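Participant:
Numbering (this note's numbering), first residue to last: 79 to 401.
#1: Exposed or buried, which one is residue 156 when buried takes at least 16 other CB atoms within 10 Å?
#2: So residue 123 is in the beta strand (DSSP E); what residue range does that whole segment cover?
#3: Rounded to whole angstroms, what's the CA-CA distance from residue 286 to residue 240? Just pull it up for me.
#4: Report the rounded CA-to-CA distance for residue 228 versus residue 115, giving the unit in angstroms.
#5: Reducing DSSP to helix, strand and coil, say where residue 281 ends up.
#6: Beta-carbon within less than 8 Å of residue 150's beta-carbon, same chain only, minus the 5 sequence neighbours each way: which residues are those?
#7: Can you give the beta carbon distance from residue 222 to residue 153, rounded, assuming they're within the 8 Å contact cut?
#8: So, residue 303 versus residue 296, is the Cβ gap smaller than 7 Å?
#9: Report, in whole angstroms, the separation of the C-beta atoms of residue 211 and residue 127, which I expect to be a contact under 8 Å.
#10: Quick one: residues in its chain with C-beta nearer than 7 Å to the C-beta of residue 232, no 5 flanking neighbours on either side, listed in chain order?
#11: Since residue 199 contacts residue 226 with CB under 8 Å, what's their CB separation in whole angstroms?
#12: Using beta-carbon positions only, say whether residue 124 and residue 219 come within less than 7 Å of one another.
#13: Excluding the five sequence neighbours on either side, which residues of its own chain have a C-beta within less than 6 Å of the C-beta of residue 375, listed in chain order?
#14: In angstroms with no decimal places, state the Cα-to-Cα distance between residue 230 and residue 254.
#15: Round the Cβ separation of residue 164 and residue 252 to the nearest angstrom and send it over; I've been treating them as touching at under 8 Å.
#16: Just checking my contact of residue 249 with residue 179 at CB under 8 Å: how many whole Å lie between their CB atoms?
#17: Could you compute how far the alpha carbon of residue 258 sits from the alpha carbon of residue 133?
#18: Residues in the same chain with beta-carbon distance under 8 Å from residue 275, minus the five sequence neighbours each way, listed in chain order, please.
#19: Should residue 217 go down as buried or exposed, given a rule of 16 or more other Cβ atoms within 10 Å for buried?
#20: Spatial neighbours of residue 290 within its chain, please: CB distance less than 7 Å, with the 5 preceding and 5 following residues excluded, ordered by chain position.
#21: Rounded to the nearest angstrom, what separates residue 282 and residue 209 at their Cα positions?
#22: Taking C-beta to C-beta, are residue 112 and residue 143 nearer than 7 Å?
#23: What is the rounded straight-line gap between the Cα of residue 173 and the Cα of residue 162?
#24: I'd like the span of the alpha helix (DSSP H) that includes residue 292, first residue to last.
#25: Identify every residue that forms a DSSP beta bridge with residue 231.
#26: DSSP beta-bridge partners for residue 179?
#27: Check each candidate in 106, 247, 269, 312 and name the one with the smallest Cα separation from residue 263.
#28: Classify residue 132 as helix, strand or coil using the three-state DSSP reduction.
#29: Which word fits residue 122, buried or exposed, when buried means at least 16 other C-beta atoms lie within 10 angstroms of its C-beta?
#30: What did DSSP end up calling residue 304 once you bin it into helix, strand or coil?
#31: For residue 140, which three-state DSSP category applies?
#32: Out of curiosity, what's the CA-to-CA distance linking residue 269 and residue 168?
#33: By a C-beta neighbour count over all protein chains shown, 10 Å radius and 16 as the cutoff for buried, is residue 108 buried or exposed?
#34: Just the C-alpha distance for residue 183 and residue 195, rounded to the nearest angstrom, thanks.
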């Protein structure tokens, strides 16, 4: 079994400016996580970085993607239904292996039991998670890179226990040898605390075991000052919330927010003086107006307009569901 010594990592990162700084932070994040976890899952999720106080999207006067310090924001790992559908159609036309599956997850804290469509069960124990959140001011979405340890366990360990939450998933997977893009429709309901059923749309890109094993090999060579391709492998697969190969242009639709009770208001409309921000008015409502008036600093694109209502709920804390 391949193991790394737990000595301090000294990596020759490049210039820390502009895109180089963000790239180095991604390199450093992954290089710090690889030695810590034997069974590691590395994934990137699309969503929104929100202010803890206002629950609106962060708004910084910058024009380049930047990483965020933990503890000052929450991350909402969801997208709208229209973006989900557009992205599924876009990926269906790419040279990737596509599949669809339905599963039911029972969540017991860090312990999760998954029941597949054929009735078979698997279980994992989720270990410590580390996040690197990236604010993308020129995109309608932000990015969360996560490294987590997952250890397979016996599903029978959950026998006789009541799950905290049940999540029913319909997952559309698009796979390459190095990564898998998962688009997941989720229906979830808390059982220990009376909770209404919630619906969500999630998008993530997860590195395959083949790719992670290759990263470990290259990182081992790097630490011993031997020729390696660690930086090239990370850079080639590092996701971007603005990447044309990942998000189709048609997915960037204008959104305004309708109140949870269905009445009309202008909450979140920059031109109306209402509170801007995701879920500030309640439920995001798709607007069919031109993409050219898109303001990346709020999840609203002013003006009037109706359209389908997509339920997202109101985040009370940092949400990173184990999809």
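Backbone N, C-alpha and C fix where the C-beta goes; we use that ideal spot for every residue, glycine too. No experiment lies behind these values; they were computed from the predicted model shown.
Facilitator: Answer, in terms of the structure:
#1: Residue 156 is buried by the Cβ-count criterion.
#2: Its beta strand (DSSP E) spans residues 118 to 129.
#3: Between the C-alpha atoms of residue 286 and residue 240 there is a straight-line separation of about 32 Å.
#4: Cα to Cα, the separation comes out at about 9 Å.
#5: Reduced to three states, the DSSP call for residue 281 is strand.
#6: Cβ within range, chain order: 130.
#7: At roughly 5 Å, the Cβ-Cβ gap stays under 8 Å, so residue 222 and residue 153 are in contact.
#8: Between residue 303 and residue 296, the CB-CB gap reaches or exceeds 7 Å.
#9: 6 Å between Cβ atoms; contact.
#10: For residue 232, same chain residues with a beta-carbon under 7 Å away, outside a window of 5 residues either side, are 201 in chain order.
#11: Taking a contact as a CB-CB distance under 8 Å, the pair residue 199 and residue 226 does not count as one, their CB atoms being some 21 Å apart.
#12: Going by C-beta atoms, residue 124 is nearer than 7 Å to residue 219.
#13: Because the pLDDT of residue 375 is 38, which lies under 50, any placement of that residue in the model is unreliable, and the question is left without a value.
#14: Spanning the two alpha carbons is a distance of roughly 23 Å.
#15: That pair is no contact at about 14 Å.
#16: Rounded, the Cβ-Cβ distance is 5 Å, consistent with contact.
#17: Looking at the two C-alpha atoms, the distance is approximately 30 Å.
#18: Contacts found: 265, 266, 267.
#19: Taking all protein chains in view, the Cβ of residue 217 is crowded by 16 or more other Cβ atoms within 10 Å, so the residue is classified as buried.
#20: Cβ neighbours of residue 290 beyond the five flanking positions: 118, 120.
#21: Going from the Cα of residue 282 to the Cα of residue 209 covers about 14 Å.
#22: No. Outside cutoff.
#23: Between the C-alpha atoms of residue 173 and residue 162 there is a straight-line separation of about 19 Å.
#24: Unbroken alpha helix (DSSP H) run through residue 292: 287 to 301.
#25: Residue pairing of residue 231 in beta bridges, as defined by DSSP: 201.
#26: According to DSSP, residue 179 bridges with 249.
#27: For the residues 106, 247, 269, 312, the minimum Cα distance to residue 263 belongs to 247.
#28: Residue state, collapsed to three classes: coil.
#29: Answer is buried; the Cβ neighbour count reaches 16.
#30: Residue state, collapsed to three classes: coil.
#31: It is coil, neither helix nor strand.
#32: So the alpha carbons of these two residues sit roughly 36 Å apart.
#33: Buried is the call here.
#34: Residue 183 and residue 195: Cα-Cα distance of roughly 11 Å.
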